[in-house]
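Colleague: Quick one: the structure is below, and I'll ask about it shortly.
In my numbering, the protein residues as written are 69 to 214.
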């Protein structure tokens, strides 16, 4: 084998190794970037889910007869849980932003959680007691007891 053949062979080998290393390096960077984006999306979704969990814990508790008043009360109670909250189209718009430009937003309706739309006087009134003799109540509803 002549010196020229050895030099050409080593040049081809170095070129192939360099290209292979660049491909491997680019793939590793892309993989790390994709993992950071996935973690950020997970954190954003966790922020929105935290607001939903707080709403579900309070579900059924009537805050106001008017949904607009209930929204104002909810917004005050949920401040600081996650992201920016604004009253929009009769609901609460929760917007959580990440450091790399990712955002998540979700719209929550207070009526869906039972925070409004019920007459407060009727909600606070005592319900008709169910007779112990098994008679049908005046509203026609039957109760099954074990």
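Even glycine gets a Cβ: it sits at the ideal position worked out from N, Cα and C.
Within 10 Å of its beta-carbon, does residue 84 have 16 or more other beta-carbons around it, so buried, or fewer, so exposed?
Modeller: Classification of residue 84: exposed, given that the 10 Å Cβ count is below 16.
Colleague: Figure out for me which residue from 82, 121, 96 and 142 has the closest Cα to the Cα of residue 178.
Modeller: When each option's Cα is compared against that of residue 178, the closest is 142.
Colleague: Which residue wins for smallest C-alpha separation from residue 150, given the options 159, 133 and 173?
Modeller: The shortest C-alpha separation from residue 150 is found at 173.
Colleague: Count the other CB atoms, across all protein chains shown, that sit within 10 Å of the CB of residue 138; report buried if there are 16 or more and exposed otherwise.
Modeller: Residue 138 is buried by the Cβ-count criterion.
Colleague: What residues in its chain sit with their C-beta under 7 Å from that of residue 189, if we drop five residues either side in the sequence?
Modeller: Bear in mind that a pLDDT of 48 at residue 189, under 50, signals an unreliable position, so the model cannot answer this.
Colleague: Just the Cα atoms here: how many angstroms apart are residue 95 and residue 114?
Modeller: Looking at the two C-alpha atoms, the distance is approximately 28 Å.
Colleague: Candidates 124, 135, 78 and 110: which alpha carbon is nearest residue 166's?
Modeller: It is 110.
Colleague: What number of angstroms, rounded off, separates the C-alpha of residue 128 from the C-alpha of residue 160?
Modeller: Going from the Cα of residue 128 to the Cα of residue 160 covers about 17 Å.
Colleague: If you check the beta carbons only, do residue 112 and residue 164 fall under 8 Å apart?
Modeller: Contact flag set, yes.
Colleague: I need the DSSP call for residue 129, collapsed to helix, strand or coil.
Modeller: Reduced to three states, the DSSP call for residue 129 is coil.
Colleague: Let me know the secondary structure DSSP gives residue 115 once reduced to three states.
Modeller: Helix at residue 115.
Colleague: Grouping DSSP H, G and I as helix and E and B as strand, with all else coil, what is residue 156?
Modeller: Reduced to three states, the DSSP call for residue 156 is strand.
Colleague: Rounded to the nearest angstrom, what separates residue 76 and residue 86 at their Cα positions?
Modeller: Their Cα atoms are separated by approximately 15 Å.
Colleague: Taking only three categories from DSSP, how would you classify residue 107?
Modeller: Correct three-state label for residue 107: helix.
Colleague: How big is the Cα-Cα spacing for residue 99 and residue 90?
Modeller: Rounded to whole angstroms, residue 99 to residue 90 spans 14 Å at the Cα level.
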